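Visitor: The structure under discussion is supplied below as structure tokens; questions concerning it will follow.
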Amino acid sequence: MFTSTFLNALTGPCKGPIAGMMFETLEDVRRDLAGRLSRAAKDRKSPMHVPTVVTSDVDARVMVLRAFDADAWTLRFHTDTRAPKVAVIESDPRIGVLLYDKSAKIQMRVRGTGTILRDDPVTDAAWASSDNFARRCYLGEGPGAQSDAPTTGLPPEFEGPEPTDEQLIPARPNFAVLLIELVAVDWLYLAHTGHMRAQFERTNGGAGDWQGRWVSP
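Counting in numbering that gives the first Met the number 0, the sequence shown runs from 0 upward without gaps.
Below is the structure:
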């Protein structure tokens, strides 16, 4: 069983496992997966920066990972409040996320509980840290709106120019944060000498400590 030491160590640098690809203990794996999630959120060139997110209706889409909180074990994504997945998540918050690093031959499947944050300090901070070109995506038609011709969904006047802060005021209500609290992680390392796999689960429905175990690939 991993206690608070397990969670505290997640904030530290990822050392030996990634550099030398030596996974002899569950602690090695824990450092590897925590380091990869941290880098995936910060580095646009990380192969795990755009994971596949699967909602309870078995629909999947690629999303940009915006942040990983190693203390709370949460992943943060951005979404349009009008997107169909928002209603799905609010009806059934179960979510899966698939991340894969081809060069490192490491796959991570995580499961968690999703929450849509509309009017929240986290959402306000995320909106404030975005530039106006990114905020522009929340103007115009919502995701999935039908059109008689190919369309960006944006008002024509914003398909090229950068909107002003005043012009973006109507966009803010359409912006939300998808926060996923992780409850399970499945880590797989593909090696020619033999694959390795480990699983970590949070006890008490996500409110307790983490337990880890080795399993057959």
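Think of the CB as a built atom: it goes at the ideal place given N, C-alpha and C, for glycine as much as any other residue. Treat the numbers as computed from the prediction; the structure is a model and nothing was measured.
#1: Confirm, please, whether the CB-CB distance from PHE67 to ALA39 is below 9 Å.
#2: Please give the ranges of any beta strand (DSSP E) in the region 7-94, keeping only runs that are unbroken, at least 3 residues long and fully inside the region.
#3: Strictly by DSSP, which residues pair up with ASP119?
#4: Report the rounded CA-to-CA distance for SER215 versus ALA33, giving the unit in angstroms.
#5: Between GLY34 and chain D, is there a C-beta pair that is closer than 9 Å?
#6: Go ahead and label PHE76 buried or exposed: buried means 16 or more other beta carbons lie within 10 angstroms of its beta carbon, across all protein chains shown.
#7: What is the rounded straight-line gap between the Cα of VAL53 and the Cα of VAL85?
#8: What does the Cβ neighbour count give for VAL57, buried or exposed, with the cut at 16 atoms within 10 Å?
#9: Would you list, in sequence order, the uninterrupted beta strand (DSSP E) runs of no fewer than 3 residues that lie entirely inside the region 110-190?
#10: If contact is defined by three or more beta carbon pairs under 8 Å, each pair taking one atom from either stretch, is the region 100-119 in contact with the region 178-191?
#11: Hey, is the region 127-136 in contact with the region 93-101, meaning 3+ C-beta pairs nearer than 8 Å?
#12: Among all the DSSP beta bridges, which residues are the ones paired with GLY211?
#13: Could you tell me the alpha carbon to alpha carbon distance between ALA175 and PRO142, rounded to whole angstroms?
#14: Around the C-beta of SER88, are 16 or more other C-beta atoms found within 10 angstroms, so that it is buried, or is it exposed?
#15: Does ASN203 pass the burial test, meaning 16 or more other C-beta atoms within 10 Å, or should it be called exposed?
Guide: So, to answer that:
#1: Counted from its first residue, the sequence shown places residue 39 at position 40. Counted from its first residue, the sequence shown places residue 67 at position 68. Yes, the pair counts as a contact, with Cβ atoms nearer than the cut-off.
#2: DSSP runs (the beta strand (DSSP E)) wholly in the region 7-94: 51-54, 59-61, 66-68, 73-79.
#3: Position 120 of the sequence shown holds residue 119. Note: ASP119 sits in no beta bridge, so no partner.
#4: Locating residue 215 in the sequence shown gives position 216, counting from the first residue. Locating residue 33 in the sequence shown gives position 34, counting from the first residue. Approximately 21 Å between the Cα atoms of the pair.
#5: The structure shown contains no chain D; it holds only a single protein chain.
#6: By 1-based counting over the sequence shown, the position of residue 76 is 77. Looking at its Cβ environment, which holds 16 or more other Cβ atoms inside 10 Å, PHE76 is buried.
#7: Position 54 of the sequence shown, counting from 1, holds the residue named residue 53. Position 86 of the sequence shown, counting from 1, holds the residue named residue 85. Those two C-alpha atoms are separated by around 12 Å.
#8: Stepping through the sequence shown from its first residue, residue 57 is reached at position 58. Under this definition VAL57 is an exposed residue.
#9: Unbroken beta strand (DSSP E) runs of no fewer than 3 residues, entirely contained in the region 110-190, are found at 174-188, following chain order.
#10: yes
#11: no
#12: As a first step, residue 211 is located in the sequence shown; it is residue number 212 there, counting from the start. Answer is PHE199, bridged to GLY211.
#13: Position 176 of the sequence shown holds residue 175. Position 143 of the sequence shown holds residue 142. Going by the C-alpha atoms only, they are around 13 Å apart.
#14: Along the sequence shown, read from residue 1 onward, the residue named residue 88 stands at position 89. Checking the displayed sequence, the identity of residue 88 turns out to be Ile instead of Ser. It counts as buried.
#15: As a position in the sequence shown, residue 203 is number 204, starting the count at 1. ASN203 is exposed by the Cβ-count criterion.
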